[in-house]
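Asks:
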């Protein structure tokens, strides 16, 4: 029976290893945000860290709330959440604040700002999981049309901001949930093929700065000395220099040359990996990547032992979202992925992304607590 009442018997099923990896990542994230931002606001070295800790506090409330209450309650509310998601993604087009690198994506809320696309990711996961758990016989492309349409509506609104990076996250979530939900590989490849065929149309609708970022990714050597593209190549070139200069052990916290002298724009947010590699070196950056991958592994393990299809699909969506963010974020700082403004959840500075990530992990923990494994299970 689904109830708002929490039963103590579920405490023994908390996934300890998931929590432990989250704590390690959270500590590293807080340290790195202070190291990369302490000199950004003159006379206020704690400015960004205090805002980050406020987001951590609010995110932990979301984590505890979504952990302790039955995740099936979200399934029952999925239609309402889907409508709220569409409303938020629509309203930001009219009252949103433009970011530093384009995109009308932010709604100011006192000391913090809400980026509606962040909660939209979890709302989309819940909505898709609720629908897909009931429609189990999605075995042909024709049967996938309702699910594709459910994703296309919010995706279109996100691309209107325009926010290409978050749009790709939506697509990754959909494909990940399809795959882990049991969709045949040939249909997944067909969907990818359709997406590639639609790229020329998408290219024609992109903003100029988005096209430039992709062109630079395809041929950095050609554009790096061109003054017309210096605004876009500078960040990437300095990021690559910072990562290489960290070598094995790094230069030490607050001692990274490229980071502390602000040669790498947004080193406290989207480019946090370049600062991590410069100041903590290969050892430190490899360690945190391994811990992060282990956290994602725990999410997928919980998906495997979920007592029902809805819980499995929710975990699949959250795990795919985290894996895609990690891959693109690290890849774009290394120059092997285009710079499309994808943060590293729980490491990058960003209140909305942090809080919503903790909400998603709380949902995963709720699934774990209602499975039959104990907190120290493999």
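Numbering (our numbering), first residue to last: 6 to 383.
Yeah, the Cβ is synthetic: ideal placement off N, Cα and C, and Gly gets one too.
1. Look up residue 102 in the DSSP assignment and give the residues it is bridged to.
2. Just to confirm before moving on: does the CB-CB distance between residue 368 and residue 22 stay below 9 Å?
3. Sorted by chain position, which residues of the same chain lie with C-beta nearer than 6 Å to residue 147's C-beta, five sequence neighbours on each side aside?
4. Roughly how far, in whole angstroms, is the beta-carbon of residue 122 from the beta-carbon of residue 75, given that I think they are within contact range, below 8 Å?
5. Measure the alpha-carbon distance for residue 44 versus residue 284 and round it to whole angstroms.
6. Can at least three beta-carbon pairs, one atom from the stretch 324-333 and one from the stretch 187-206, be found at a separation below 8 Å?
7. Drop a sphere of 10 angstroms on the beta-carbon of residue 212, count the other beta-carbons inside from all chains shown, and report buried for 16 or more, exposed for fewer.
8. With DSSP as the reference, label residue 119 as helix, strand or coil.
9. In the structure shown, what three-state DSSP assignment does residue 6 receive?
10. Please report the residue range of the alpha helix (DSSP H) in which residue 237 lies.
11. Starting from the N-terminal side, write out each stretch of the alpha helix (DSSP H) that is 4 residues or longer and does not extend beyond the stretch 337-373.
12. Between which two residues does the alpha helix (DSSP H) harbouring residue 55 extend?
13. According to DSSP, simplified to helix, strand and coil, what is residue 292?
14. Taking the straight line between their C-alpha atoms, what separation do you get for residue 288 and residue 282?
15. Can you tell me whether DSSP reads residue 136 as helix, strand or coil?
16. Tell me which same chain residues have a C-beta within less than 7 Å of the C-beta of residue 20, skipping the five on either side of it?
17. Which parts of the stretch 149-207 are runs of the alpha helix (DSSP H), unbroken and 4 residues or longer, counting only runs that do not cross its ends?
18. Could you tell me the alpha carbon to alpha carbon distance between residue 63 and residue 363, rounded to whole angstroms?
19. Spatial neighbours of residue 258 within its chain, please: CB distance less than 6 Å, with the 5 preceding and 5 following residues excluded, ordered by chain position.
20. Assign residue 31 to one of three DSSP states: helix, strand, or coil.
21. What's the gap between the Cα of residue 6 and the Cα of residue 68?
22. Could you check if residue 180 belongs to the surroundings of the ligand GDP, using beta carbon to heavy atom distance under 8 Å?
23. Please state if the CB of residue 155 and the CB of residue 124 are separated by a distance shorter than 9 Å.
Replies: In short:
1. 111.
2. Result no, Cβ atoms of residue 368 and residue 22 do not sit closer than 9 Å.
3. Answer for residue 147: no residue qualifies.
4. Going by Cβ atoms, the distance from residue 122 to residue 75 rounds to 27 Å, so no, they are not a contact pair.
5. Going from the Cα of residue 44 to the Cα of residue 284 covers about 15 Å.
6. Too few Cβ pairs lie closer than 8 Å, so no.
7. Exposed: under 16 other Cβ atoms inside 10 Å.
8. Under the three-state reduction of DSSP, residue 119 is assigned to strand.
9. Confidence is the limiting factor: at residue 6 the pLDDT is only 45, short of 50, which leaves the residue's position unreliable, though a coordinate-based value still follows. Reduced to three states, the DSSP call for residue 6 is coil.
10. Per DSSP, the continuous alpha helix (DSSP H) segment holding residue 237 begins and ends at 235-250.
11. Complete alpha helix (DSSP H) runs here, min 4: none at all.
12. Per DSSP, residue 55 is one residue of the alpha helix (DSSP H) stretching across 52-73.
13. DSSP places residue 292 in helix when its eight states are reduced to three.
14. Taking the straight line from one Cα to the other gives about 8 Å.
15. For residue 136, the three-state secondary structure derived from DSSP is helix.
16. Apart from the 5 residues on each side of it in sequence, residue 20 sits with its Cβ closer than 7 Å to the Cβ of 303, 307, 370, 373, 380 in its chain, given in chain order.
17. Fully enclosed alpha helix (DSSP H) runs of 4 or longer: 150-164, 169-185, 190-202.
18. Going from the Cα of residue 63 to the Cα of residue 363 covers about 9 Å.
19. Counting only residues of its own chain and dropping the five nearest sequence neighbours on each side, residue 258 has a CB closer than 6 Å to the CB of 40, 284.
20. Three-state DSSP puts residue 31 in a helix.
21. With a pLDDT of 45 at residue 6, under the threshold of 50, the predicted position of this residue should be treated as unreliable, and no value is reported.
22. The ligand GDP is not part of this structure, which contains no ligands at all.
23. Taking 9 Å as the Cβ cut-off, residue 124 and residue 155 do not qualify as a contacting pair.
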